[in-house]
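Visitor: Taking my numbering, the leading residue of the sequence shown gets 1, the next gets one more, and so forth. Ideal placement from N, C-alpha and C gives every residue a C-beta, glycine not left out. A quick note: this is a predicted structure, and the numbers were derived from the prediction, not measured.
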Amino acid sequence: MNGKIMFTALAGAMLLGAGLMTGGMALSPAQAAGSEAVAAATIKVENPYARPPMGGAKVAAAYMTLKNTGKEDDKLVRAEGDVSERIELHTHVKEQRDGQVVMKMRQVPYMEVPAGGETVLKPGGLHIMLIGVRKDLKPGDVFDLTLVFEKAGKVQVQVPVKKVSATMMHMMKQKMQGMQHGGMQQK
Ligand SMILES: [Cu+2]
Numbered sequence: 001m002n003g004k005i006m007f008t009a010l011a012g013a014m015l016l017g018a019g020l021m022t023g024g025m026a027l028s029p030a031q032a033a034g035s036e037a038v039a040a041a042t043i044k045v046e047n048p049y050a051r052p053p054m055g056g057a058k059v060a061a062a063y064m065t066l067k068n069t070g071k072e073d074d075k076l077v078r079a080e081g082d083v084s085e086r087i088e089l090h091t092h093v094k095e096q097r098d099g100q101v102v103m104k105m106r107q108v109p110y111m112e113v114p115a116g117g118e119t120v121l122k123p124g125g126l127h128i129m130l131i132g133v134r135k136d137l138k139p140g141d142v143f144d145l146t147l148v149f150e151k152a153g154k155v156q157v158q159v160p161v162k163k164v165s166a167t168m169m170h171m172m173k174q175k176m177q178g179m180q181h182g183g184m185q186q187k
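#1: Please name the residue or residues paired with R106 in a DSSP beta bridge.
#2: Should K163 be labelled buried (16 or more other beta-carbon atoms within 10 Å of its own) or exposed?
#3: As a quick exercise: from E46, I131 and V142, pick the residue whose alpha carbon is nearest that of A57.
#4: Which residues does DSSP list as the beta-bridge partners of N68?
#5: Looking at C-alpha atoms only, which residue of A41, K44 and A50 is the closest neighbour of P139?
#6: Report yes or no: do the region 151-165 and the region 54-69 share at least 3 C-beta pairs separated by less than 8 Å?
#7: Since V164 is in the beta strand (DSSP E), which residue starts that stretch and which ends it?
#8: Would the beta-carbon of A62 be found less than 7 Å away from any heavy atom of ligand 1?
#9: Is M111 near ligand 1, judged by its Cβ being under 7 Å from some heavy atom?
#10: Along the chain, where does the beta strand (DSSP E) that runs through D73 open and close?
#11: Quick one: grab the DSSP three-state call for D144.
#12: Would you say the beta carbon of M105 comes nearer than 7 Å to a heavy atom of ligand 1?
#13: With 16 other CB atoms within 10 Å as the buried threshold, where does S165 fall?
#14: What is the rounded straight-line gap between the Cα of V102 and the Cα of E72?
#15: Any chance the CB of M129 is under 7 Å from a heavy atom of ligand 1?
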């Protein structure tokens with residue numbers, strides 16, 4: 001590695017660091033030279049939002065669409081932030097219980113985002129679980145999440161908290177009647 005490459009890599013890392021610290025969504029990896037920084041631009045996050053915790057529960061979920069404009073498959077391997085004590089990647093799975101099909105939440109090790117494709121995180125499907133939410137999140141609030149991708153690295157997202165619709169409220173109440181995560185009845 002010669003001096004010039006070393007310097008470029010260092011400058012890229014510093015730019016990336018500065019961008020992350022501002023907590024801005026507009027982290028522009030393209031400004032930083034070097035292939036690693038450019039790779040980060042392959043992931044685009046659209047329509048991020050979260051539902052507020054329900055009925056005093058300290059859990060909430062974040063949803064969004066992850067788009068991979070790159071030529072390689074990528075994976076969301078974890079999410080970080082100080083909005084909650086723990087942040088997990090979850091999905092819902094169908095399960096038979098007492099002769100009924102119910103949806104239960106499961107932690108997953110990663111979420112695949114295929115090359116040229118997208119992965120949609122939505123209620124009843126994949127989601128980012130916020131466990132032990134630190135403050136009283138309410139509609140209108142915005143919090144930062146850092147998504148960590150296997151290839152693209154860190155992507156900063158600002159997540160607005162949106163109101164729960166009446167239908168969703170009903171579903172979530174049903175869900176809360178189940179044990180911890182389970183019990184949401186499938187329509
Ligand atoms: Cu969950």
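Guide: To lay it out plainly:
#1: Looking up residue 106 in the sequence shown gives position 106. Answer by DSSP bridge pairing, in chain order: T91.
#2: Along the sequence shown, one-based indexing puts residue 163 at 163. Classification for K163: exposed.
#3: Numbered from its first residue, the sequence shown carries residue 57 at position 57. It is I131 whose Cα lies nearest to the Cα of A57.
#4: The residue given as residue 68 occupies position 68 in the sequence shown. In the DSSP output, where bridge partners are listed per residue, N68 has I43.
#5: Within the sequence shown, residue 139 is the residue found at index 139, counting from 1. Of the listed residues, the one whose Cα sits closest to P139 is A50.
#6: Segments in contact, yes.
#7: Position 164 of the sequence shown holds residue 164. It is not in any beta strand (DSSP E) - V164 carries neither H nor E in the DSSP assignment.
#8: The residue labelled residue 62 in the question sits at position 62 within the sequence shown. Checking the Cβ of A62 against ligand 1 gives no.
#9: The residue labelled residue 111 in the question sits at position 111 within the sequence shown. No, since every heavy atom of ligand 1 falls outside the 7 Å radius drawn around the Cβ of M111.
#10: Residue 73 sits at position 73 when you count from the first residue of the sequence shown. No beta strand (DSSP E) contains D73, which DSSP labels as neither H nor E.
#11: Along the sequence shown, one-based indexing puts residue 144 at 144. Strand at D144.
#12: As a position in the sequence shown, residue 105 is number 105, starting the count at 1. Under cutoff, so the answer is yes.
#13: Residue mapping note: residue 165 aligns to position 165 of the sequence shown, counting from 1. Around the beta carbon of S165, fewer than 16 other beta carbons sit within 10 angstroms, so the residue counts as exposed.
#14: Counting from one through the sequence shown, the residue named residue 102 turns up at place 102. Counting from one through the sequence shown, the residue named residue 72 turns up at place 72. Answer to the nearest angstrom: the Cα atoms are 35 Å apart.
#15: Here residue 129 refers to the residue found at position 129 of the sequence shown. Yes, since a heavy atom of ligand 1 falls inside the 7 Å radius drawn around the Cβ of M129.
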